[in-house]
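Chemist:
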Amino acid sequence: MSQGSSVTVDALRSMPIFESLSVERLMPIARVAVFRKMPRSSTILRAGDRTDFVYFILSGALKVLVSDEEGREVILSNLGPGEFFGEMGVLDDNPRSATVMGLLEEARSARARGLKAAAQAGSVKTIVGRAKDWFLGNF
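With our numbering, the residue at position 122 of the sequence shown is 102, and numbering never jumps.
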């Protein structure tokens, strides 16, 4: 992955999950977020990893996968711009349950670490509520 640059409130607000949040709610997230470019077919995270990053996809396409008992790749979902992943690792401190890889094109994402600190401003609680609403509405 390439080195990151800082994320602006406007960049965050371009994503559906953040579009209606106030600047005050987005500032703590912008302070801990960085942009990353992932080369195509690169592994962003592996099942079993322990991290406290949440990834917000800005461009490109990613696949979420696990291996079955025989070692074959099982794709759980494909993700694209405006979607996010990794939130459960931040919330429950458990290792990642799946591997996430880039598909055929380069992907850009904003990666945020330290969102527990941002929770002090109420931002993470709002995002988690939105994520829950999104999941309930899409599954």
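Even for Gly, the Cβ is constructed at its ideal location relative to N, Cα and C.
Computed from a predicted structure; not experimentally measured.
1. Report the partner residues of ASN58 according to the DSSP bridge assignment.
2. Please list, in chain order, all residues of the same chain as THR79 whose beta carbon is under 6 Å from its beta carbon, the five residues on each side excluded.
3. Taking the Cβ atom as the reference point for each residue, do GLY66 and PHE33 lie within a distance shorter than 8 Å?
4. Less than 8 Å between the C-beta atoms of GLY82 and SER21, yes or no?
5. Would you report the Cα separation of VAL(-13) and SER47, rounded to the nearest angstrom?
6. DSSP puts VAL80 in a beta bridge; with which residues?
7. Quick one: Cα of SER(-6) to Cα of VAL54, how far?
8. Output yes or no for whether 8 Å exceeds the beta carbon distance between LEU42 and LEU56.
9. Within the continuous alpha helix (DSSP H) that includes ASP72, where are the two ends?
10. Residues in the same chain with beta-carbon distance under 6 Å from THR23, minus the five sequence neighbours each way, listed in chain order, please.
11. Where does GLU4 fall in DSSP's three states?
12. How long is the line joining the alpha carbons of ASP72 and ARG30, rounded to whole angstroms?
Modeler: Well, looking at it:
1. The secondary-structure analysis by DSSP pairs ASN58 across a beta bridge with LYS43.
2. Around THR79: ARG26, ALA27, LEU45.
3. At a Cβ-Cβ threshold of 8 Å, GLY66 and PHE33 count as neighbours.
4. In this structure, SER21 lies closer than 8 Å to GLY82 by Cβ.
5. Rounded to the nearest angstrom, the gap between the Cα atoms of VAL(-13) and SER47 is 34 Å.
6. Looking at the DSSP assignment, VAL80 forms a beta bridge with LEU25, VAL44.
7. For the pair SER(-6) and VAL54, the Cα-to-Cα distance works out to about 31 Å.
8. Not a contact, by the Cβ cut-off of 8 Å.
9. It spans 67 to 72 - the alpha helix (DSSP H) in which ASP72 sits, taken as one unbroken run.
10. Cβ neighbours of THR23 beyond the five flanking positions: MET81.
11. If DSSP states are grouped into helix, strand and coil, GLU4 belongs with the helices.
12. About 11 Å.
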